[in-house]
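Down below is the structure, laid out as structure tokens.
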Amino acid sequence: MELIVLGAGPAYTNRPGAVGAAYLLRDGDETLLLDMGQGSFPNLAQAMEPSRLTGILISHLHPDHFIDLVALRHYLKFEFTPPRRVTVLGPAQLGARLDALHAEPGFAAASFDLVAFGGPGTRQVGGFSVEGTLVTHTDESYGYRVTGPTGGSIVYSGDCGVAGDLAPLICPGDTLLTEVSFGTSEVPSGAFHLNAAAVGALAADRHPGQVLLTHIQMGYDQEAAAAEVRRRYPGPVRVVQPGATAEI
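Just so we're on the same page, this note's numbering is the position in the sequence shown counted from 1, plus 344.
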């Protein structure tokens, strides 16, 4: 299985070329998209024909993780005759949130087969096995462990305020793709994000095969964050940017 980073940015940043969270998994002919934040649709369209996605997982209902579903919805509805559809799994209120953006009931359902993930458990999306668990962030935020049709597993944090919430998902050798929003700094009270110390401690405890760092806030040193994780965890660590790839 291959990971292609389409976007790795937080809610706002001054970094040129930054794009909201979006991570494409490809295993043979099957593809699964993890989140679809701001500006990610063009990168998806460069990587593949978007209507051929096996499915999309949305971690939570903050716009930097789902807002480009609007662009995808328009593409599926207006680019093809007849219109095409894609399956989208995520929080129960995802459809209502998309409908509210355009004040149009049924806006999302016109192009998406929406499935509420429905709490902790395992779901099948095509050949992908997806285990989800609730994490501390919003009322319904998920971390996911995805196993590809031919093997290999990746754990994706989404946005997560308690590193231990992810621990049950991580098996030795998995790839850990995790936010490290506050770099080497302390996380402000009530922010519900992770820093490098928390990620390093999690990785040292759960022994993933590699750690990929993402979603770093503006003004925080990315390489210092990676160095802090390496100080606690001896395996491979790197910060990912749009265009980065990894074998899972």
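The beta-carbon is built from N, C-alpha and C at its ideal position, and this holds for glycine as well. Only a predicted model underlies this, so the values are computations on that prediction, with no experimental measurement involved.
Residue-chain proximity (residue i, chain B), Cβ-Cβ < 9 angstroms
| i | result |
| --- | --- |
| Y577 | No chain B is part of this structure, which consists of one protein chain only. |
Per DSSP, the bridge partner or partners of residue i
| i | result |
| --- | --- |
| F472 | V469 |
| A456 | Looking at the sequence shown, residue 456 is not Ala but Phe. BP columns for F456 point to V430. |
| E346 | R370, E591 |
| G361 | Per DSSP, none; premise fails for G361. |
| Q554 | T519 |
| L401 | L378, L433 |
| S533 | According to DSSP, which records beta bridges pairwise, S533 is partnered with nothing at all. |
| G351 | A366 |
Other residues of its chain near residue i: CB distance less than 6 angstroms, five sequence neighbours each side excluded
| i | result |
| --- | --- |
| R467 | V474 |
| V506 | T480 |
| A588 | V349 |
| T357 | M562 |
| T522 | S501, V543 |
| T482 | H404 |
| E484 | P435 |
| P578 | none |
Pair within 9 angstroms by beta-carbon distance, residue i and residue j
| i | j | result |
| --- | --- | --- |
| G361 | D412 | no |
| D604 | M345 | Residue numbering for the chain in the displayed model covers 345 to 592; residue 604 lies beyond these limits and cannot be assessed. |
| A570 | A548 | no |
| R417 | A366 | no |
| Y486 | P449 | no |
| G553 | E572 | no |
| N387 | P516 | no |
| F472 | L368 | no |
| V469 | H446 | no |
| I592 | T519 | yes |
| A511 | R550 | yes |
| V531 | V555 | no |
Cβ separation of residue i and residue j, assumed to be a contact under 8 angstroms, to the nearest whole Å
| i | j | result |
| --- | --- | --- |
| V584 | L546 | About 17 angstroms; that fails the 8 angstroms criterion. |
| F456 | V432 | 5 angstroms |
| G527 | A568 | 6 angstroms |
| H409 | D379 | 4 angstroms |
Other residues of its chain near residue i: CB distance less than 7 angstroms, five sequence neighbours each side excluded
| i | result |
| --- | --- |
| G439 | A452, A453, L458 |
| P427 | L420, K421, S455 |
| S525 | P354, H537, L538, H559, I560, Q561 |
| S529 | N539, Y564 |
| P464 | G476, T477, L478 |
| I514 | V499, L520, R550, P552 |
Contact set for residue i: own chain, Cβ-Cβ below 8 angstroms, skip 5 residues either direction
| i | result |
| --- | --- |
| S384 | L350, G351, V363, G364, A365, A366, D412 |
| F566 | Rather than Phe, the amino acid found at residue 566 in this sequence is Gln. Around Q566: G527, L557, I560, V583. |
| R441 | L405, F410 |
| R576 | A541, G544, A545, A547, A548 |
| A535 | G505, S525, F526 |
Three or more C-beta pairs closer than 8 angstroms, one from the stretch 499-509 and one from the stretch 389-408: is that the case here?
-> Yes: the two stretches touch, three or more of their Cβ pairs being nearer than 8 angstroms.
Inter-stretch contact (C-beta, 8 angstroms, three-pair minimum) for the stretch 385-393 and the stretch 420-435 | In this structure the stretch 385-393 does not lie against the stretch 420-435, because fewer than three pairs of beta carbons, one per stretch, are closer than 8 angstroms.
Tell me, please, whether the stretch 349-358 touches the stretch 485-497 by the rule of three or more beta-carbon pairs shorter than 8 angstroms.
-> Result no; under three Cβ-Cβ pairs closer than 8 angstroms.
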